[in-house]
Structure formats: structure tokens, C-alpha cells
Amino acid sequence: MTIWANDRSESWFVAAARNQVRTVIALVGTEASARFARKTFGVVEEVGGLAIVVAGLAALRYFTGSRTHHGMPMVPFLTCGVFIFWTFKTTLSQSSTFASAKARYEFMPRVTQLDVLIARSIVNTLFYVGLALGAFTAFYFIGISDWMEQPFLVIAVLLVSSLLGFGVGMIFGAINTFAPFFRTIQHVLMRVLMFTSGVHFIWPEVPYMFRWIIIENPLFHLCEFIRSGYFVAYESPVASSLYLGVWITSTLAIGLMCERLCRPFYERDRRRATENEDPFALDGL
Amino acid sequence: MIARLLKKGGAAATLQEDPAGFAEIGGGERDTIRLRGVTKVLGAGRKQTLVFDRADAEFPRGVSIGVLGGASSGKTTLVNLLNGNQSPTEGRIDCGMSVSWPLASRTIFTKRFSIRQNVRFVSAIYNAWPPDMLDAVTDLGKIKRQDLDTALDLLPDELNTRATISLCLALSFDCYVVDERVALGNKPFRDLVQEKLLEMRGDRSLIVVTRTAQTIREMCDECYVIIDRKLQKFGSKGEAILAFRGATGGQDLSDPLGE
């Protein structure tokens with residue numbers, strides 16, 4: 001281990017926490033700039049992707065004849081579910097990028113792999129929460145739906161979804177470190193989750209034979225919560241905050257341990273000189 | 001560390017005795033970097049390489065210390081261990097000073113961003129005031145104001161180097177680490193950097209990790225040599241250089257002038 005001295009006016013823990021907070025704040029700006037500034041169509045692409053999914057699911061429901069449910073208009077109903085799933089999925093993919101996290105800042109001693117993962121997840125969460133609030137406001141002004149019944153609950157559920165994605169992402173990142181083929185399984189898993197997490201259905205619509213398994217999915221609880229917060233007409237009979245709390249605490253704890261265990265595997269051998277290198281080619285002297 | 005804390009009556013008791021926590025938890029001296037039985041293994045699985053095997057060393061403040069090592073002997077790994085970029089696999093490093101990044105490193109700044117953005121980012125991390133750092137970079141690195149907002153990949157490499165080194169010197173670290181090269185860039189700038197480092201020698205530490213004996217002769221007071229994955233200290237620079245030559249089998253002719 002490396003033990004650092006610090007200013008005597010503050011404890012080592014406070015000094016370390018301050019350093020980490022400062023680093024994460026600095027990284028949030030840099031990562032946001034890296035993600036959006038140079039990619040003109042990046043935001044448009046992400047919004048377009050979401051719109052296509054909502055349109056596809058809306059068409060599915062429209063042609064099956066179920067245009068509203070429990071008084072919930074179809075487009076906001078689906079948008080709520082899609083935002084929950086997308087926030088989870090994208091945060092998961094951001095926080096599982098162990099290989100590229102430290103590589104970009106490989107000679108910055110104060111930037112750790114975890115700092116970069118946290119910063120990327122914060123950027124992603126802020127982006128999707130902002131986008132969701134923008135979409136919901138647009139629905140209100142266009143006249144598609146009423147204003148959210150409990151806006152703070154809606155925001156909180158989106159943040160919790162991101163937190164869940166962050167924990168699960170670090171676990172997946174660790175699995176990818178030792179079994180790179182898991183990335184393919186991860187893609188399949190995401191598709192299965194997309195259709196089993198309540199993105200386009202609610203509890204009363206779930207067939208009795210599948211209820212025992214659907215209720216185990218934490219994303220389903222999140223979808224139920226966001227709809228209870230958004231619509232006056234719906235109150236979920238099954239959503240459990242305790243169940244979600246257990247999931248989030250355990251995935252974060254396991255994920256953080258996995259990240260710390262995997263960190264040495266991404267320390268590269270950065271030796272540049274080789275026996276074949278011309279010893280007289282050292283410029284600067 | 002946790003075991004040690006528990007043995008001494010818990011973290012609360014320890015922090016009460018020493019609010020900074022350094023004396024009990026670190027156990028090391030201030031103004032000194034000490035490596036104690038440091039073992040470092042890089043890579044994993046079949047790519048595992050043992051770079052250091054129970055290496056010990058001490059780098060006090062105000063002394064310029066050279067570390068000589070042949071090709072692939074672990075010089076860059078040592079630099080990474082010293083500045084906290086990597087942790088030892090076993091053993092302990094007591095770090096009583098703030099340590100810079102390798103002075104001539106070209107990868108500190110992100111090429112997609114401008115010098116201004118990069119300076120702001122690094123200043124934020126090191127809790128420095130960005131306008132002051134920008135002034136220092138433009139003054140010391142002789143960088144024109146109109147170049148500050150251009151993306152680094154559109155500027156010559158020379159400007160990147162000058163900006164990185166200037167910022168490193170402006171951030172006022174307790175210990176500066178030089179990995180192989182003191183500075184890149186044009187000769188007046190290299191001379192300026194070398195002069196600045198020599199000026200700082202009484203107050204700050206300088207650790208020069210190189211395979212060039214001439215640099216050791218010009219800049220260092222003491223010298224370690226990396227031999228058999230350990231850091232060996234020698235009484236004089238001459239002895240160290242001879243031992244280094246012996247260890248590299250005379251093949252590493254990195255000193256163009258010779259003895």
C-alpha cells in the first residue's frame with residue numbers, strides 16, 4: 001500500500017475524500033466535454049434511439065388494441081418505462097468500461113479507475129434525467145398528458161435506476177475482465193430485460209404464470225414506482241422500496257469490491273525502452 | 001492497516017492522539033519517501049512480470065537522487081509507484097511529499113482539448129487556481145495567448161510539451177520526478193527547465209530515473225541502481241555508474257561521452 005502524508009489540520013480520511021471529490025468534479029466536466037462536445041449528432045442520435053423504441057412499443061400496443069391503461073396515456077406511459085430502462089442500461093455500460101477508464105488518464109496519479117467510472121455515470125445520469133424531464137415537460141405543453149403527480153419521486157426513481165446500473169455495471173465489468181465473451185451474453189441479457197422489466201406493461205397485465213419471476217426483477221419495481229409518481233390514475237400494488245434498497249446496497253457493495261479487485265489487472269506494463277532501441281536517440285539531453 | 005488500528009484501540013483512539021493520522025497510520029516521516037520491501041508484479045495470468053522484489057529505498061527532501069536502470073528494468077514502474085499511479089503488490093511506500101507526474105510526459109494533456117481546458121482540468125484536480133496556472137504556463141512555456149484555445153492535436157507537439165512541463169513546475173510539488181528525459185522541446189526551453197530544477201534542489205526533491213549516466217553526473221547528489229529487481233544504493237556516483245555498467249553487461253551504452 002501507499003501511505004500519503006497530508007496537511008495536519010485535517011484527518012487523512014477528510015483529505016482523501018476532498019481529493020476524490022475534487023477529482024470527480026473535474027472529471028465530470030472533462031467527460032461531458034469528451035462525450036458531447038466533439039460529437040455534433042451524439043445527443044440527436046441518443047434522443048432518436050429513444051424515440052424509435054417508444055414509437056415501436058406504442059405501435060405494438062396500438063395495433064393490439066390497448067391504447068391506454070388505467071387512464072394512463074400510451075406515449076408518456078411507455079416513455080416512463082423506456083427512460084428507466086435506458087438510464088439503467090447506459091449507466092451499466094458506462095460503469096463497466098474498466099479498460100478505457102484509466103487508460104485515458106494513465107499518467108494522472110490522482111485519477112483512479114473508480115473516479116472515471118463515477119464521473120461517466122454522473123454525466124450519463126444527468127443527461128438522461130434532463131432528457132426525461134424535458135420530454136415530460138413537452139408532453140404537458142403539447143397536451144399529451146397532465147403534469148407529473150410527484151415530480152421529485154420521478155427524478156428520484158431515475159437516479160435510483162442509474163445507481164442500480166452503476167453497481168451492476170461494475171460487477172459486469174469485473175466479469176468481462178476475466179471472461180471477455182460475457183459481453184455477448186450481456187447484450188442478450190439486456191434484450192431479455194428490455195421485454196421483462198415492465199417497460200411496456202404494468203402489474204395487472206402480467207400473466208399469473210409469470211408473476212413469480214417478474215416480481216423478482218428490480219427494474220420492474222422501478223417502472224412501477226415511476227408510473228405511480230407520474231400518473232394520478234395508477235398506484236402500484238407491488239412496488240417495494242425495501243426490495244430495491246437491498247438490491248442497490250448489495251450490487252453497489254459487490255460492484256465496488258469487484259472494481260477494486262480488478263484494478264491491478266488494468267495496470268499496464270508501460271516500459272517503452274527495449275534492447276533494440278537506439279541508446280543515443282534520447283532527445284532532450 | 002485495519003489490524004494495526006484495531007490493535008491500538010481503534011481508529012477513534014488513533015485519530016485522537018494524532019489528528020492528521022499520519023504518525024500512527026503511515027508510520028513514516030514527513031518530507032521523505034520510503035519504500036519498504038516493495039514487490040511489484042505487473043500484468044496478470046501468463047503476462048505476469050515480477051518488476052521489483054522486496055526493494056527498499058529512501059528519498060529525502062532537498063536531495064537530488066538518481067536511479068539508474070537498464071532497458072526494461074522497471075524505471076517507469078518505479079516512477080508510477082513513487083507518484084501513486086500504481087500500488088505495490090506487497091510492501092509499503094510511505095510518501096511524505098507531494099510527487100509530480102513524470103516531467104516530460106506527453107500524455108498528461110488530452111489532445112482533443114485545448115491547453116486552456118487541460119490546464120483547468122489539472123488545476124482543478126490539484127486544487128490550484130486556474131488563472132494563475134494559465135499565466136505560469138504562458139510565461140514559462142512562452143505560449144502565445146492565441147494558442148491557448150486551439151485543440152492540442154492541431155498544435156505542434158512542442159507546445160504540448162512546453163505547456164505540460166510549465167504546469168508541472170507551476171504546481172509546486174515537493175518532489176519532481178524525471179523519467180528518462182529532463183525535458184523535451186527546443187534547447188533554450190530545455191536549458192530553462194534544467195536551470196529551474198537545479199534552483200529548486202535545496203528546497204525540493206528531484207528523483208531522476210534514467211539510463212543515462214551523464215544526467216546522473218550533472219543533476220544528482222546520490223544514486224541508486226536497479227540491479228536484480230532491487231534498488232541498490234552506492235557511496236558515490238562513480239561507483240553507481242560502474243555497477244550499472246557491470247549489471248547491463250556493458251551493452252547499454254547510454255552514455256555517449258563515456259567515463
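Protein chains in written order, with this note's numbering: chain E, 1 to 285; chain C, 1 to 259. Think of the CB as a built atom: it goes at the ideal place given N, C-alpha and C, for glycine as much as any other residue. Predicted model only: the values in this text are computed from it and were never measured.
Which residues in chain C sit within 9 Å of E:PHE201, going by Cβ to Cβ distance?
Near E:PHE201 there are no residues of chain C at all, since even the closest Cβ is about 43 Å away, more than 9 Å.
Pick helix, strand or coil for C:PHE52, following the three-state DSSP scheme.
strand
With distances taken between CB atoms, is the gap from C:PHE52 to C:ILE33 smaller than 8 Å?
no
What does C:GLY66 pair with, by DSSP beta-bridge criteria?
C:VAL208 and C:CYS223
Say whether chain E places a C-beta atom closer than 8 Å to the C-beta of C:THR107.
yes
is_contact[C:TRP101, chain E] using C-beta, thresh 8 Å:
yes
E:PHE85 CB to nearest chain C CB: under 8 Å?
no
Confirm, please, whether the CB-CB distance from E:GLY167 to E:THR251 is below 8 Å.
yes
Mind checking E:PHE305: buried by the 16 CB within 10 Å criterion, or exposed?
Chain E is shown only over 1 to 285; residue 305 of chain E falls outside these bounds and no answer can be derived.
Quick test of your reading: C:ALA151 and C:SER114, contact by CB under 8 Å. State the CB separation rounded to the nearest angstrom.
6 Å
Which residues in the same chain have their Cβ closer than 7 Å to the Cβ of C:PHE234, if we skip the five residues on either side of it in sequence?
CYS223, VAL225, ALA240 and ALA243
Anything in the stretch 7 to 33 of chain E with a Cβ closer than 9 Å to a Cβ of chain C? List those residues in chain order, please.
ASP7, ARG8, SER9, GLU10, SER11, TRP12, PHE13, ALA15, ARG18, ASN19, ARG22, THR23, ILE25, ALA26, LEU27, GLY29, THR30 and SER33
Buried or exposed: which applies to E:MET257, given that a residue is buried once 16 or more other Cβ atoms fall within 10 Å of its Cβ?
exposed
Tell me where the alpha helix (DSSP H) around C:GLU195 begins and ends.
187 to 200
Can you find a C-beta in chain E that's less than 8 Å from the C-beta of C:ALA124?
yes
Can you look up C:ALA23 in the DSSP assignment and give me helix, strand or coil?
Only weak support is given to the placement of C:ALA23: the predicted model assigns it a pLDDT of 35, under 50, and the value that follows is read from those uncertain coordinates. Of the three classes helix, strand and coil, the one that applies to C:ALA23 here is helix, per DSSP.
Any idea if C:GLU199 is buried or exposed, counting beta-carbon neighbours within 10 angstroms, 16 or more meaning buried?
exposed
Less than 7 Å separating the Cβ of C:ASP132 from some heavy atom of the ligand MG?
Among the components modelled here there is no ligand, and therefore nothing to report on the ligand MG.
Taking DSSP's pairing of strands, which residues face C:THR39 in a bridge?
C:GLU90
What first and last residue would you give for the beta strand (DSSP E) that runs through C:SER173?
Checking the sequence, you will find Phe at residue 173 of chain C rather than Ser. Where C:PHE173 is concerned, there is no enclosing beta strand (DSSP E), given that its DSSP letter is neither H nor E.
Are the C-beta of C:ARG217 and some C-beta of chain E separated by less than 8 Å?
no
6 Å CB neighbourhood of E:ARG263 in its chain, flanking five on each side removed
GLN113
Select from the stretch 77 to 111 of chain E all residues with a C-beta closer than 8 Å to any C-beta belonging to chain C, and list them in chain order.
ARG104, GLU106, PHE107, MET108, PRO109, ARG110 and VAL111
Distance, Cα to Cα, C:THR248 vs C:ARG181?
20 Å
Leaving aside the five residues before and after C:ARG145 along the sequence, list all residues of the same chain whose C-beta is less than 6 Å from its C-beta, in chain order.
none
Are the C-beta atoms of C:GLY37 and some chain B residue less than 8 Å apart?
In summary, chain B is missing from the structure at hand, where the protein chains are E and C.
In three-state DSSP terms, what is C:GLU71?
Strictly speaking, residue 71 of chain C in this sequence is Ala, with Glu absent from that position. Here C:ALA71 sits in coil by DSSP.
For E:ALA17, is the classification buried or exposed, using 16 other Cβ atoms within 10 angstroms of its Cβ as the cut-off for buried?
exposed
Ranges of the alpha helix (DSSP H) found wholly within the stretch 133 to 210 of chain E, counting only runs of at least 4
151 to 178 and 182 to 196
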